[in-house]
Amino acid sequence: SQLGPRLMAVAMPGVVPDLSQDPGGRLKGVTIVKPIVYGNVARYFGKKRDEDGHTHQWTVYLKPYKNEDMSTYVKKVHFKLHESYPNQNRVVTKPPYEVTETGWGEFEIVIKIYFVDTTERPVTVYHILKLFQSETNIMLGKKQLVSESYDELIFSEPSAMMQQLLTSTRQLTLGPYKHECDFELRWEWLLKHTLKCQLNKLWGTSRKFAQLKALYTMGFCKECLQ
Numbered sequence: 001s002q003l004g005p006r007l008m009a010v011a012m013p014g015v016v017p018d019l020s021q022d023p024g025g026r027l028k029g030v031t032i033v034k035p036i037v038y039g040n041v042a043r044y045f046g047k048k049r050d051e052d053g054h055t056h057q058w059t060v061y062l063k064p065y066k067n068e069d070m071s072t073y074v075k076k077v078h079f080k081l082h083e084s085y086p087n088q089n090r091v092v093t094k095p096p097y098e099v100t101e102t103g104w105g106e107f108e109i110v111i112k113i114y115f116v117d118t119t120e121r122p123v124t125v126y127h128i129l130k131l132f133q134s135e136t137n138i139m140l141g142k143k144q145l146v147s148e149s150y151d152e153l154i155f156s157e158p159s160a161m162m163q164q165l166l167t168s169t170r171q172l173t174l175g176p177y178k179h180e181c182d183f184e185l186r187w188e189w190l191l192k193h194t195l196k197c198q199l200n201k202l203w204g205t206s207r208k209f210a211q212l213k214a215l216y217t218m219g220f221c222k223e224c225l226q
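Structure, rendered in structure tokens:
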């Protein structure tokens, strides 16, 4: 498995994937993608604690992007904290995959994911623990800081066992399932402004795109075309 851009789980159009097993027991032509979210939330105490000087409580976590129970295929998640913490290596074997602590400083947390099928190599992601609000969030009066990222686990030619585990997950919760960040809104904004950037480059370099600009203008607000 590895991290990377999203891939569809079969093959190129018009090409029938070879689903046979190789001698090592892996399924040729099969790719399965599992989106994940990881990050941290943090809350300021309002002042330093007298006993240890800590200023925040925080929780670092790893969870599925979709509403599914990752324990079907995830054996454990290892969180490596800063060396100043007693027992800096924390291992969580069932959801929620998270660690809650208190502290006063920001640092890098190493998150390593181990799979039920031991033939799949562990995957490691890195997260910088965030504690301090931006000036914008302070002005907005936000009480809780959120630092959250999206990524994907890509299983290329998994074993038959792993393929079965990956495709037989159950829901994690029966209620509403959402993340601290609205990734759909973030992607929509990114796509819109990336397209705006590209179009502005094209319009600025050639008159032949004047008609194209007129067509696209109908779908954009005035602010986006500045």
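Count the sequence shown with the UniProt record's numbering and you get residues 1 to 226, in order.
C-beta: ideal position from N, C-alpha, C; glycine also.
- The stretch 171–178 and the stretch 44–53 do not touch, with fewer than three beta-carbon pairs separated by less than 8 Å.
- Look at the beta carbons and you see the stretch 94–107 not touching the stretch 146–157: under three pairs across the two are nearer than 8 Å.
- Contact between the stretch 64–77 and the stretch 124–135 is absent: fewer than three C-beta pairs spanning the two stretches fall below 8 Å.
- Taking 8 Å as the cut-off, the Cβ atoms of Phe-45 and His-82 do not count as close.
- If you compare the alpha carbons of Leu-165, Gly-105 and Val-123 with that of Asp-151, the shortest gap goes to Val-123.
- Here the C-alpha atom of Gly-103 lies approximately 8 Å from the C-alpha atom of Trp-58.
- Take Val-41, set aside five residues on each side of it, and the residues of its chain with a beta-carbon closer than 6 Å to its own are Thr-59, Gln-144 and Val-146, in chain order.
- For Leu-145, the enclosing beta strand (DSSP E) stretches over residues 144–156.
- Taking Tyr-65 as the centre and dropping the five residues before and after it, the same chain places the C-beta of Pro-35, Ile-36, Val-37 and Tyr-150 closer than 7 Å to its C-beta, in chain order.
- A Cβ-Cβ separation of about 6 Å places Gln-163 in contact with Val-30 under the 8 Å criterion.
- Rounded to whole angstroms, the Cβ separation of Val-77 and Ile-113 is 6 Å, and the two are in contact under 8 Å.
- By the 16-neighbour rule on beta-carbons within 10 angstroms, Lys-47 is exposed.
- Residue environment analysis places Glu-68 among the buried positions, since at least 16 neighbouring C-beta atoms fall within 10 angstroms of its C-beta.
- Residue pairing by DSSP places His-82 opposite no residue, since no beta bridge is assigned to it.
- Assignment of beta-bridge partners to Arg-26 by DSSP yields Ser-159.
- In the DSSP assignment, Asn-40 falls within the unbroken beta strand (DSSP E) covering 31–44.
- In the displayed model, Glu-106 falls within coil according to three-state DSSP, outside both helix and strand.
- Rounded to the nearest angstrom, the gap between the Cα atoms of Glu-157 and Pro-86 is 40 Å.
- Cβ contact annotation for Thr-93 (same chain, cutoff 6 Å, sequence separation greater than five): Lys-76, in chain order.
- Taken through DSSP and simplified to helix, strand or coil, Glu-135 comes out as helix.
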